[in-house]
Amino acid sequence: MRFAFLIIPTLVLSEEPQPSGEQLFATHCSACHLPDTQLVGPSLVEIRDLYRDKPEAFINWSKNPQRKREGAVEMPSMAHVPDDQLGMIHAHILKVSAGLKERKVDPPVESTVEEPDESAEPRVTRIFMPDSGPASIAVSVDATYSLCWDAGSCRLRYVWRDGFIDASKFLAGQGRGSATVIGKRLLLESEPPLAELGEAGSPKFLGYRLKEGIPTFFYRLGKHHVSERLEPGGGGLLRRFSIKPAPEGTLSIPIAEQDGVSWACDKGSLSDGRLVLPPGDAAAFTLSLIEP
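So the mapping is simple: this note's numbering equals the position in the sequence shown, first residue as 1, plus 28.
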């Protein structure tokens, strides 16, 4: 009796390549930290000087961050990132900051953090938010309106009313997950309104400045420097834009439409879900989100 043997080749599956320190930094840190300038968080120069020969202390601080100075925005926990990857981020920070010195730029980044309460005072906190990128900033504008700003993609994500955030689940999970939005969502912005200005490159967050507790966000789209501020007024929220240099052609901006709210603008024309601004009008304009 003869036997036939079927030889089946062994399939060896290679492991996914380990991300580099540069890639990990870009994913988890780059939206809030610049090499030699304070942004939302401290510069890499400052982090280097604090943790140059202390990789373990850097890892422990990243997993359980504390506010290091009065008026600073406390960083969310990075406990979801493995220790070896945090070590790679530490090594990358030392590498790219070598030989650099702290540099002061305008606009300065000023920030405060307050625990959510029932007051009408504005509140700003850096925390992981649902339906937003990892570099999210939650802002309670007043006792009625709150918003989520995504510093990674330089855009408003959504607006809600009648509450702020509950961070208890986020804190209990040591940074795993996100805060819970309290209240009624009014507006979800599905696409960046000024995307056509950024064709020459990705958006770059430049920080924010507080005025009367409310942040004005600064970012760059291609060659254009943009400031954007949302503040109460006009029966809802005023959304003020400034663009330098002013767009040379007509600017067409998608307007997020949602039941229960309407829009008005001090310039241009609103039609079919778009705001059209002729040359000259787009240098500075104000959108008004109005509730009936």
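Note that CB positions come from ideal geometry on N, CA and C, so glycine has one too. Predicted model only: the values in this text are computed from it and were never measured.
Can ILE283 and ARG302 be called in contact, C-beta distance under 8 Å?
yes
Give a yes or no on whether the C-beta atoms belonging to VAL124 and LEU214 are separated by under 8 Å.
Contact flag unset, no.
What does the alpha-carbon distance come out to for the pair ARG154 and CYS176?
10 Å
Could you compute how far the alpha carbon of LEU10 sits from the alpha carbon of LYS232?
For the chain, the structure presents residues 29 to 320; residue 10 sits outside this window and is missing.
Taking only three categories from DSSP, how would you classify HIS61?
coil
Which one of PRO104, GLN94, LEU122 and PHE53 has the shortest CA to CA distance from ASP81?
LEU122
Can you pull the DSSP bridge partners for ASP178?
Partner(s): SER164 and ARG183.
Sequence-distant residues of its chain with Cβ nearer than 7 Å to SER206 (five each side left out)
PHE156, MET157, PRO158 and PHE198
On the DSSP bridge list, what partners appear for ARG154?
ILE165
Pairwise C-alpha distance: PRO320 and ALA54:
Going by the C-alpha atoms only, they are around 43 Å apart.
Check THR278 in the structure and name its three-state DSSP category.
coil
Taking the alpha carbon of LEU258 as the reference point, which residue from GLY180, SER168 and GLN286 has its own alpha carbon closest?
SER168
Excluding sequence positions up to five away, which residues of its chain have a Cβ less than 6 Å from the Cβ of ILE75?
ILE121
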